[in-house]
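Chemist: This structure is in structure tokens; I'll ask about it shortly.
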Amino acid sequence: MKLSFLVKSLAGAAAMVAMTGPALAAAQSAPSPVSLKGDVMLEKTVTENGVSKVQLVEPKVVIPGDHLLFTTRYHNDGAQAVTNFVVTNPLPPAVALSSEAAPGTEVSVDGGKTWGQLGSLKVAATEGGERAATAGDVTHVRWTIPSIAPGAAGEVQYHGIVR
Amino acid sequence: MNTYLIPLRRAAGIAGCSLVALSVTAPFANSAHATGVLAGTLIENTATATYQSGSTTGSVTSNKVTVKVDELLDVAVATLSTAPATANSEPAVLIYAVTNSGNGPEAFNLAADPKISGNGFDGTIKSVVLDSNSNGVYDPGVDTVLTAGSLATPVLSPDKSVKVFVLVDLPAGASDAQTSQVRLTATSQTGSGTPGTSFAGKGEGGGDAVVGLTTASANSLAALIASLANITLTKSATILDPFGTAKPVPGAVVTYSLAAKVTGSGTLDGLHVVDTIPDGTTYVPGSLKLDASVLTDGADGDAGVGGSSGIDVTLGKITGGTTRTVAFSVKIN
Chain A
36 MKLSFLVKSL AGAAAMVAMT GPALAAAQSA PSPVSLKGDV MLEKTVTENG
86 VSKVQLVEPK VVIPGDHLLF TTRYHNDGAQ AVTNFVVTNP LPPAVALSSE
136 AAPGTEVSVD GGKTWGQLGS LKVAATEGGE RAATAGDVTH VRWTIPSIAP
186 GAAGEVQYHG IVR
Chain B
155 MNTYLIPLRR AAGIAGCSLV ALSVTAPFAN SAHATGVLAG TLIENTATAT
205 YQSGSTTGSV TSNKVTVKVD ELLDVAVATL STAPATANSE PAVLIYAVTN
255 SGNGPEAFNL AADPKISGNG FDGTIKSVVL DSNSNGVYDP GVDTVLTAGS
305 LATPVLSPDK SVKVFVLVDL PAGASDAQTS QVRLTATSQT GSGTPGTSFA
355 GKGEGGGDAV VGLTTASANS LAALIASLAN ITLTKSATIL DPFGTAKPVP
405 GAVVTYSLAA KVTGSGTLDG LHVVDTIPDG TTYVPGSLKL DASVLTDGAD
455 GDAGVGGSSG IDVTLGKITG GTTRTVAFSV KIN
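Shown next as structure tokens:
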């Protein structure tokens with residue numbers, strides 16, 4: 036029940052964003068206690084003296100097959116704790132999750148209708164029936180932070196591959 | 155444009171969980187292109203959070219980060235001919251396919267090289283032709299003959315290919331059943347080189363163009379085989395004199411035999427066997443024969459003409475391995 040409530044409330048928020056941008060901005064002039072800041076970096080594998088390591092660089096040139104690291108930083112600017120903080124990130128259609136998400140990350144393979152660990156999800160197989168979902172089937176990722184103390188900050192990340 | 159703001163959030167999880175093993179290359183589940191998302195595609199990422207603060211709930215949306223997908227330059231060339239193409243008096247037609255395996259529209263320069271190590275002979279490139287009507291067959295007068303000096307495919311969409319015919323003439327000196335190869339190379343017009351080389355601003359949609367794993371240049375070999383025929387003409391004579399012996403005396407009849415032997419895997423066309431009547435002899439009317447058949451002397455339905463001015467027998471088209479023999483007789487005056 037809690038779940039469906041949240042769905043509704045967010046669907047409503049989404050509609051507002053889509054249709055009435057300025058009105059929304061006005062509505063939020065009572066500022067959100069939490070700020071979200073997105074960022075993307077290109078993960079470049081560099082081999083030096085036979086040792087490979089991954090460097091994060093500005094994504095100036097991005098081609099299919101490249102690995103991207105999407106980061107969302109949050110900060111509680113308010114005076115009281117924020118609880119039940121759930122960050123949801125729809126994957127851009129051109130990006131596939133690069134592998135099974137890190138422990139604790141939940142994914143959806145059906146546009147955000149159902150969630151779970153990737154290994155437990157199924158998708159319709161082209162030849163009929165169902166098959167186990169793979170990282171490439173993931174449409175959304177989300178993270179839940181139980182509580183953010185006033186002034187506290189953190190970040191959530193996912194790795195993607197340009198399809 | 156990834157503007158769908160999908161909701162649905164619940165609990166469980168660890169903040170800041172970042173390091174995910176980078177290994178599995180995801181299948182292109184939603185991609186129409188084997189070669190990846192199209193150049194110029196915008197990758198836009200936005201996160202949304204819901205929360206409780208005291209007794210109220212709220213939501214917040216992040217800024218949108220955008221990355222443009224650059225153009226990957228890749229190409230593949232394949233030989234479509236399964237057996238060596240035959241070259242005779244007509245050029246061999248070699249068939250290749252050039253495929254844009256990059257993710258943006260691209261044209262490719264073409265080069266046909268007939269000088270390949272191991273060739274029995276080096277053919278002469280007559281022309282390079284695009285399969286304009288895409289039927290896989292060289293249609294003279296229909297398919298587009300490329301101008302020497304500007305050999306290139308049209309702009310190909312990602313994953314699209316064009317068939318290319320290379321017409322190869324036999325050089326003088328090629329002999330029957332010798333084989334040769336011709337290499338067709340296709341190179342991206344935007345640029346090629348070491349994978350990862352990038353050409354700033356040259357990509358589709360104003361982004362960069364980056365050389366892919368194929369080096370943006372690819373080639374393939376196709377084979378041709380010379381199919382030639384040679385003819386040898388052997389003339390022999392037998393004499394029968396009025397006394398039943400073989401002396402060349404007046405009144406003796408000399409029967410000439412002209413054996414036309416065609417060798418090789420090819421064919422010869424338009425063959426005639428022509429001979430004159432030697433001085434001091436007279437053609438024996440009705441003596442003209444082709445193999446076992448008697449030919450009439452007049453210019454009529456059959457293949458031969460005979461008379462005082464000589465004989466002319468039309469053999470037409472003869473395939474290698476065939477011998478036709480023409481015979482006629484004269485009487486010594």
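Chains A and B supply the protein sequences, listed in that same order. 36 is the number of the first residue of the first sequence in this note's numbering; add one for each residue after it. 155 is the number of the first residue of the second sequence in this note's numbering; add one for each residue after it. Think of the CB as a built atom: it goes at the ideal place given N, C-alpha and C, for glycine as much as any other residue.
(1) Got a sec? Which residues, its chain only, sit under 8 Å from B:Gly-366 by beta carbon, not counting five neighbours each side?
(2) What ranges does the beta strand (DSSP E) occupy inside the segment 148–190 of chain A, keeping only unbroken runs of at least 3 residues that lie completely in it?
(3) So, are the CB atoms of B:Leu-537 and B:Val-480 less than 8 Å apart?
(4) Can you tell me the Cα-Cα spacing of B:Ser-342 and B:Ala-241, whole angstroms?
(5) Alpha carbons only, please: which of A:Ala-167, A:Ile-196, A:Tyr-193, A:Pro-185 is nearest the one belonging to A:Asn-111?
(6) Just to confirm, are A:Val-117 and A:Leu-132 a CB contact at a threshold of 8 Å?
(7) How close, in whole Å, do the beta carbons of A:Ala-129 and B:Thr-195 come, if the pair is a contact with beta carbons under 8 Å?
(8) Closer than 8 Å between beta carbons: that is the criterion. Which residues of the segment 344–367 of chain B meet it against chain A?
(9) CA-CA distance, A:Ala-159 and A:Lys-72?
(10) Ordered along the chain, which non-local residues of its own chain (more than five positions away) have a Cβ less than 7 Å from that of A:Arg-166?
(11) Please tell me whether A:Pro-185 has its Cβ less than 8 Å away from any Cβ of chain B.
(12) Could you have a look at B:Glu-244 and say whether DSSP puts it in helix, strand or coil?
(13) With B:Gly-460 as the anchor, note down where its beta strand (DSSP E) starts and where it stops.
(14) Any residues in the segment 213–243 of chain B with a beta carbon nearer than 9 Å to a beta carbon of chain A? Which ones, in chain order?
(15) Excluding the 5 residues flanking B:Phe-275 on each side, which residues of the same chain have their C-beta closer than 6 Å to its C-beta?
(16) Could you name the residues that DSSP lists as bridge partners for B:Asp-429?
(17) Please determine, among B:Asp-362, B:Asn-273, B:Ala-232, the residue with the shortest C-alpha to C-alpha distance to B:Val-318.
(18) List the residues that DSSP assigns as beta-bridge partners of A:Asp-74.
(19) Taking A:Gln-115 as the reference, give the member of A:Thr-107, A:Val-69, A:Met-76, A:Gly-171 with the closest Cα.
(20) Checking contacts by CB at 8 Å: is A:Ser-155 closer than that to chain B?
(21) Looking at chain A, is there any beta carbon in it that lies within less than 8 Å of the beta carbon of B:Thr-202?
(22) Strictly under 8 Å for the Cβ-Cβ distance: is B:Gln-332 near chain A by that measure?
(23) Distance check for B:Ala-230 and B:Pro-181, CA to CA, integer angstroms please.
(24) Shorter than 8 Å from the beta carbon of B:Gly-258 to some beta carbon of chain A?
(25) So what does DSSP say about B:Gly-359, is it helix, strand or coil?
(26) Does the beta-carbon distance from B:Ser-483 to B:Val-407 come in below 8 Å?
(27) Output the boundary residues of the beta strand (DSSP E) element that contains B:Ser-334.
(28) Name the two residues that bound the continuous beta strand (DSSP E) containing B:Arg-478.
(29) Are the beta-carbon atoms of B:Ile-279 and B:Pro-294 separated by less than 8 Å?
(30) Output needed for B:Leu-310: all residues of its chain with C-beta closer than 8 Å, excluding positions within five of it in sequence on either side, in chain order.
(31) Quick check on this structure: which residue in B:Leu-425, B:Gly-440, B:Val-322 has the alpha carbon closest to the alpha carbon of B:Pro-238?
(32) Are the beta-carbon atoms of B:His-426 and B:Leu-375 separated by less than 8 Å?
(33) Flag this pair as yes or no: are the beta carbons of A:Leu-103 and A:Val-197 separated by less than 8 Å?
(34) Would you mind giving the Cβ-Cβ distance between A:Val-89 and B:Asp-224, rounded to the nearest angstrom? I have them listed as a contact below 8 Å.
(35) Give a yes or no on whether the C-beta atoms belonging to B:Asn-378 and B:Val-336 are separated by under 8 Å.
(36) List, in chain order, every chain A residue whose beta-carbon is nearer than 7 Å to that of B:Gly-208.
Modeler: Quick answer:
(1) As a first step, residue 366 of chain B must be located in the second sequence, where it is residue number 212. If we look at B:Gly-366 and ignore the five residues flanking it on each side, its Cβ neighbours are Leu-226, Leu-227, Asp-228, Ser-255, Gly-256, Pro-349.
(2) 157–159, 165–167, 175–183
(3) Summary: the structure shown does not reach residue 537 of chain B, with chain B confined to residues 155 through 487, and so no result is reported for it.
(4) Translated into positions along the second sequence, residue 342 of chain B becomes position 188. Translated into positions along the second sequence, residue 241 of chain B becomes position 87. Distance between the alpha carbons of B:Ser-342 and B:Ala-241: 30 Å.
(5) In the first sequence, the residue the question calls residue 111 of chain A occupies position 76. Residue A:Pro-185 is the option with its Cα nearest to A:Asn-111.
(6) Taking the first sequence and counting its residues from 1, one reaches residue 117 of chain A at position 82. Taking the first sequence and counting its residues from 1, one reaches residue 132 of chain A at position 97. Contact: no.
(7) Working through the first sequence from its first residue, we reach residue 129 of chain A at position 94. Working through the second sequence from its first residue, we reach residue 195 of chain B at position 41. About 5 Å separates the two Cβ atoms, so the contact holds.
(8) Ser-352, Gly-361, Asp-362, Val-364, Gly-366
(9) As a working mapping, residue 159 of chain A is identified with position 124 in the first sequence. As a working mapping, residue 72 of chain A is identified with position 37 in the first sequence. The alpha-carbon atoms of A:Ala-159 and A:Lys-72 are separated by roughly 35 Å.
(10) In the first sequence, counting from the first residue as 1, residue 166 of chain A sits at position 131. Excluding positions up to five away in sequence, the list reads Lys-157, Val-158, Ala-160.
(11) Counting from 1 along the first sequence, the entry for residue 185 of chain A is found at position 150. With 8 Å as the cut-off, A:Pro-185 does not count as an interface residue toward chain B.
(12) Here residue 244 of chain B refers to the residue found at position 90 of the second sequence. The answer is coil: DSSP assigns B:Glu-244 none of H, G, I, E or B.
(13) By one-based count along the second sequence, residue 460 of chain B stands at place 306. Unbroken beta strand (DSSP E) run through B:Gly-460: 458–461.
(14) Ser-213, Val-214, Thr-215, Ser-216, Asn-217, Lys-218, Val-219, Thr-220, Val-221, Lys-222, Val-223, Asp-224, Glu-225, Leu-226
(15) Sequence index remark: in the second sequence, residue 275 of chain B carries index 121 (1-based). So the qualifying residues of the chain are Pro-325, Ala-328, Gln-332, Ser-334.
(16) Locating residue 429 of chain B in the second sequence gives position 275, where the first residue counts as 1. BP columns for B:Asp-429 point to B:Ile-465.
(17) Locating residue 318 of chain B in the second sequence gives position 164, counting from the first residue. Checked all of B:Asp-362, B:Asn-273, B:Ala-232; the closest Cα to B:Val-318 is B:Ala-232.
(18) Taking the first sequence and counting its residues from 1, one reaches residue 74 of chain A at position 39. DSSP lists A:Thr-106 as partners of A:Asp-74.
(19) Your numbering for residue 115 of chain A matches position 80 in the first sequence. From the listed residues A:Thr-107, A:Val-69, A:Met-76, A:Gly-171, the smallest Cα separation to A:Gln-115 is found for A:Val-69.
(20) Counting from 1 along the first sequence, the entry for residue 155 of chain A is found at position 120. No, because no Cβ of chain B sits closer than 8 Å to the Cβ of A:Ser-155.
(21) As a position in the second sequence, residue 202 of chain B is number 48, starting the count at 1. By this cut-off, B:Thr-202 is an interface position.
(22) Walking along the second sequence from the start, residue 332 of chain B turns up at place 178. Not closer than 8 Å to any Cβ of chain A, the Cβ of B:Gln-332 fails to qualify, so no.
(23) Taking the first residue of the second sequence as position 1, residue 181 of chain B is located at position 27. Taking the first residue of the second sequence as position 1, residue 230 of chain B is located at position 76. Low local confidence applies: a pLDDT of 38 at B:Pro-181 is under 50, so the model's placement there is unreliable, and no value is given.
(24) If you number the second sequence from 1, residue 258 of chain B lands on position 104. B:Gly-258 does not count as touching chain A.
(25) Translated into the one-based positions of the second sequence, residue 359 of chain B becomes position 205. Under the three-state reduction of DSSP output, B:Gly-359 falls in the helix class.
(26) Here the question's residue 483 of chain B lines up with position 329 in the second sequence. Here the question's residue 407 of chain B lines up with position 253 in the second sequence. Yes, these two residues count as a Cβ contact at 8 Å.
(27) Taking the second sequence and counting its residues from 1, the one referred to as residue 334 of chain B is at position 180. Its beta strand (DSSP E) spans residues 333–342.
(28) Working through the second sequence from its first residue, we reach residue 478 of chain B at position 324. Start and end: 476–486.
(29) Locating residue 279 of chain B in the second sequence gives position 125, counting from the first residue. Locating residue 294 of chain B in the second sequence gives position 140, counting from the first residue. No.
(30) In the second sequence, residue 310 of chain B corresponds to position 156, counting from 1. Only Val-252, Thr-253, Asn-254, Pro-259, Glu-260, Ala-261, Phe-262, Val-316 meet the Cβ criterion.
(31) Within the second sequence, residue 238 of chain B is the residue found at index 84, counting from 1. The option with the nearest alpha carbon to B:Pro-238 is B:Val-322.
(32) What you label residue 426 of chain B is simply residue 272 of the second sequence in a count that begins at 1. What you label residue 375 of chain B is simply residue 221 of the second sequence in a count that begins at 1. Cβ atoms of B:His-426 and B:Leu-375: not closer than 8 Å.
(33) By one-based count along the first sequence, residue 103 of chain A stands at place 68. By one-based count along the first sequence, residue 197 of chain A stands at place 162. Result yes, Cβ atoms of A:Leu-103 and A:Val-197 sit closer than 8 Å.
(34) As a position in the first sequence, residue 89 of chain A is number 54, starting the count at 1. As a position in the second sequence, residue 224 of chain B is number 70, starting the count at 1. The pair is not a contact, with the Cβ atoms about 20 Å apart (cut-off 8 Å).
(35) Mapped onto the second sequence, residue 378 of chain B falls at position 224. Mapped onto the second sequence, residue 336 of chain B falls at position 182. Reading off the sequence shown, one finds Leu at residue 378 of chain B, where the question assumed Asn. Yes, the pair counts as a contact, with Cβ atoms nearer than the cut-off.
(36) Position 54 of the second sequence, counted from the start, is the residue given in the question as residue 208 of chain B. Those are Gln-115, listed as they occur along chain A.
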